[in-house]
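Residue numbers (mature numbering (1 follows the signal peptide of the UniProt record, and there is no 0)): -31 to -1, 1 to 516.
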Amino acid sequence: MMMEKLALRSRILLAGAAMSALLLAGAPAGAVTPADTLVEGFAIDDIISMDPGEAFELSTAEVTGNTYDLLVRLDLSDTSKVKPDLAESWTVSDDGLTYTFKLKPGLKFASGNPITAADVAYSFERAVKLDKSPAFIIDQFGISGDNVAEKAKAIDDTTFQFVVDKAYAPSFVLNCLSATVASVVDAKLVKEHVAAVTPSADYKWDNDFGNAWLKTGYAGSGAYKLREWRANEAVVMERNDNYHGDKAKLARVIYRNMKESSAQRLALEAGDIDVARNLEPNDLDAIAKNADLTSTSAPKGTVYYISLNQKNPNLAKPEVRQAFKYLVDYDALGSTILKGIGEIHQTFLPKGVLGELDENPFKLDVAKAKELLAKAGLPDGFSVTMDVRTGQPTTGMAESIQQTLGQAGIKLEIIPGDGKQTLTKYRARNHDIYIGNWGQDYFDPNSNAQTFASNPDNSDAGKSHTLAWRNSWDIPDLTKETEAALLEKDAGKRADMYKDLEKKILDTSPFVIIHQQLEVAGLRKNLKGFALGPSFDTNFVGPVSKE
């Protein structure tokens, strides 16, 4: 297998024994990483596949963002827009259904094969026909395995055409095409590695579109090329000299799988790694006191919230929903459990997204909450349960909320569980209260609006399992407003529609949105150009260098 061969050639990939030592958990204190290599301590145990048509995990998104190109990419200078990547330009037909992209000339994959519109078409076709987790991002435009060849096709070598089923807001379509599932793969190379498949009722195609090979293989054109992934150990990327943009400054990047914050901090202090990626508040404080180290952070498109199941008659009372919003000590959470890793943010659209409303109207106000509970006929409070996934920051947040609810007479029982236990119960609508987080599937306001403000069918048999559905919140009017925002072509008007939705969710919803995640990283001060992006696929390492 390719991975086994790469492992045997570690002297080539890792620049000698010194580099190999970097991948060992017991690397000696005082080690210095090579001048041409970036080494990051990072919890990458979530990676299950490197195929951009299949992968939907946070760590993989970062690798994909650095190793594959797209037609368009999020504009980091203005994240309400996209900018050209492989596409030089694009047009939208008068009826709003046909998007035509012209590719830049002279593009090459890392393999040396030319990048053509046929590669783009094949990339869309394989993602849709594989029908893995991220395929819905393309499918939602009326695309299926049966029609993708006509809806996503090459007109000539440099012209790709994408036809959608409704006159959506162009910003919605383009934002979705900036997601990693739309990464362009080297069709010639992938087709050399396809495996035959016997069609069945669940999968009617006669080949796997190279999926088995691409789980560990590589067929991209990004600033770096994937050289090796060892599950639960390391990812190694090397500079792609065929890259069409500014060439990566370092020869290679290594992600070492390190789950514990304290282990990452110690390795960073010793010089065994250049960057620590999963730091908790205490370790961030320690880094701030070290003259050789610094830190950086960026808000990510993930919000943490508690939700109240409307099947519970007490939680379904509007005054009770409102009271809960006044029974969270946002300030205390922000200065303790969330310090450095989250910022208070009470609306469902994260900062940086088109239409985001930066309003935090709620503060801890027990007297106000008691007044609302009395209006609801519950002056003495009531008993209720909360399902909590064990781990931080959710456990600490739940314990804080338990204490403040108690001040208003609400007796909260915390039910701890692992991710599978809590999510299974939540998805079946069998909870009272759930505390969790929601991250964007793609960088467009619809990703969160659809889940917090839309519920097309509130019955238990409903097929659209949005967060509103999970909490039995029947909202036909808001659902219509969410659908209408998808069709508004004027970006300014579309932004205003989402702001209006956010205000209504703030006032009336069963969601108490608490904070937006801050991704943090500790780093050696000799690093230059290291920055975290607004999404997990925009943490670009190409600009990073060392002094």
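Note that CB positions come from ideal geometry on N, CA and C, so glycine has one too.
Residue i burial status per 10 Å Cβ neighbour count (16 or more: buried)
| i | result |
| --- | --- |
| ALA104 | buried |
| SER423 | buried |
| GLY498 | exposed |
| LYS173 | exposed |
| LEU456 | exposed |
| ASN396 | At residue 396 the sequence reads Arg, which differs from the Asn that was named. When all chains shown are included, ARG396 counts as exposed. |
| residue 551 | In the structure as shown, the chain begins at -31 and stops at 516. Residue 551 is therefore absent and cannot be evaluated. |
| THR373 | buried |
| SER504 | buried |
| ASN180 | buried |
| ALA200 | exposed |
| ALA453 | exposed |
| LYS449 | exposed |
| ASN399 | exposed |
| THR393 | exposed |
| ASP175 | exposed |
| GLU328 | exposed |
| SER416 | buried |
| GLY346 | exposed |
| GLN361 | exposed |
| GLY(-16) | Caution applies to GLY(-16), whose pLDDT of 40 falls short of 50 and renders its modelled position unreliable; the value that the coordinates give is listed next. Burial call: exposed. |
Supposed close pair residue i, residue j - CB separation, criterion 8 Å
| i | j | result |
| --- | --- | --- |
| ASP506 | GLU31 | 6 Å |
| LYS441 | ASN278 | Reading off the sequence, residue 441 comes out as Ser, not Lys. Rounded, the Cβ-Cβ distance is 6 Å, consistent with contact. |
| LEU475 | THR316 | 6 Å |
| GLY350 | LEU342 | 6 Å |
| SER266 | GLY309 | 7 Å |
| PHE129 | ALA170 | Their Cβ separation, rounded to whole angstroms, is 32 Å, which puts PHE129 and ALA170 out of contact at 8 Å. |
| LEU492 | ASP177 | Rounded, the Cβ-Cβ distance is 40 Å, inconsistent with contact. |
| VAL89 | SER264 | Wrong, their Cβ atoms sit about 39 Å apart, outside the cutoff. |
| GLU238 | ASN259 | 6 Å |
| SER433 | ASP443 | Not quite, the Cβ-Cβ distance comes to about 13 Å (not below 8 Å), so this is no contact. |
| LEU99 | GLU23 | 6 Å |
Spatial neighbours of residue i in its chain, beta-carbon cut-off 6 Å, leaving aside the 5 residues before and after
| i | result |
| --- | --- |
| VAL61 | TYR68 and PRO139 |
| PHE25 | SER102 and PRO103 |
| LYS294 | PHE331 and VAL481 |
| TYR91 | ALA156 |
| LYS344 | GLU288 |
| ASN508 | GLU31, LEU501 and GLY502 |
| HIS352 | Note on residue identity: the sequence assigns Ser, not His, to residue 352. Closer than 6 Å at Cβ, skipping near neighbours: LYS380. |
| LEU323 | SER49, PRO414 and ALA464 |
| LEU326 | THR316, LYS468 and GLU471 |
Other residues of its chain near residue i: CB distance less than 8 Å, five sequence neighbours each side excluded
| i | result |
| --- | --- |
| LYS73 | PRO53, LEU55, ALA56, GLU57 and HIS213 |
| LEU219 | ASP5, THR6, LEU7, ARG208, VAL510, VAL513, SER514 and LYS515 |
| ASP63 | none |
| THR359 | PRO385, GLY386 and ASP387 |
| GLY431 | ASN424, PRO425 and TRP438 |
Cβ neighbours of residue i in the same chain (closer than 7 Å, five flanking residues each side left out)
| i | result |
| --- | --- |
| TRP182 | HIS162 |
| LEU195 | MET19, VAL32, THR36, TYR187 and MET206 |
| ILE13 | SER28, VAL204, TYR224 and ASN226 |
| ALA(-7) | Low confidence applies here, because ALA(-7) scores a pLDDT of 41, under 50, leaving its location unreliable and the question unanswered by this model. |
| GLN419 | THR435 and THR451 |
| LYS50 | ASP44 |
Any alpha helix (DSSP H) of 4 or more consecutive residues that is wholly inside the region 113 to 188: You should have 117 to 120, 139 to 145, 156 to 160 and 180 to 183.
The region 150 to 166 touching the region 114 to 123, judged by at least three CB pairs closer than 8 Å: For the pair of segments examined, the region 150 to 166 was found not to touch the region 114 to 123: the number of CB pairs separated by less than 8 Å stays below three.
Stretch-stretch touch, CB-based, cutoff 8 Å, three pairs: the region 482 to 497 with the region 302 to 320: Taking a cut-off of 8 Å for Cβ pairs, the region 482 to 497 and the region 302 to 320 touch, as three or more such pairs fall below it.
Length-filtered (3 minimum) beta strand (DSSP E) runs lying within the region 294 to 360: Those beta strand (DSSP E) runs which fall completely within the region 294 to 360 and span 3+ residues are 311 to 313 and 352 to 358.
Contact between the region 250 to 258 and the region 222 to 235 (3+ Cβ pairs under 8 Å): Taking 8 Å as the limit for Cβ pairs, the verdict is that the region 222 to 235 does touch the region 250 to 258.
Given 8 Å, three or more beta-carbon pairs between the region 99 to 115 and the region 186 to 203: Flag = no, the region 99 to 115 and the region 186 to 203 do not touch.
The region 35 to 42 in contact with the region 145 to 156 per 3-pair CB rule at 8 Å: Contact holds: three or more Cβ-Cβ distances are below 8 Å.
The region 357 to 368 / the region 316 to 336 touching (three or more Cβ pairs under 8 Å): Too few Cβ pairs lie closer than 8 Å, so no.
Cβ contact (3+ pairs, closer than 8 Å) linking the region 216 to 228 and the region 5 to 13: Contact between the region 216 to 228 and the region 5 to 13 is present, because at least three Cβ pairs lie under 8 Å.
The region 266 to 280 / the region 463 to 474 touching (three or more Cβ pairs under 8 Å): Taking a cut-off of 8 Å on C-beta distances, the region 266 to 280 does not touch the region 463 to 474, as fewer than three cross pairs fall below it.
Stretch-stretch touch, CB-based, cutoff 8 Å, three pairs: the region 375 to 385 with the region 405 to 419: Short answer: they don't touch.
Length-filtered (3 minimum) beta strand (DSSP E) runs lying within the region 398 to 430: If you keep only unbroken beta strand (DSSP E) runs of at least 3 residues inside the region 398 to 430, you get 402 to 408.
Inside the region 358 to 391 only - beta strand (DSSP E) runs reaching at least 3 residues: Whole beta strand (DSSP E) segments, 3+ residues: 380 to 386.
Length-filtered (3 minimum) beta strand (DSSP E) runs lying within the region 21 to 87: If we require 3 residues or more, the beta strand (DSSP E) runs fully inside the region 21 to 87 come out as 41 to 43, 51 to 53, 56 to 61 and 67 to 72.
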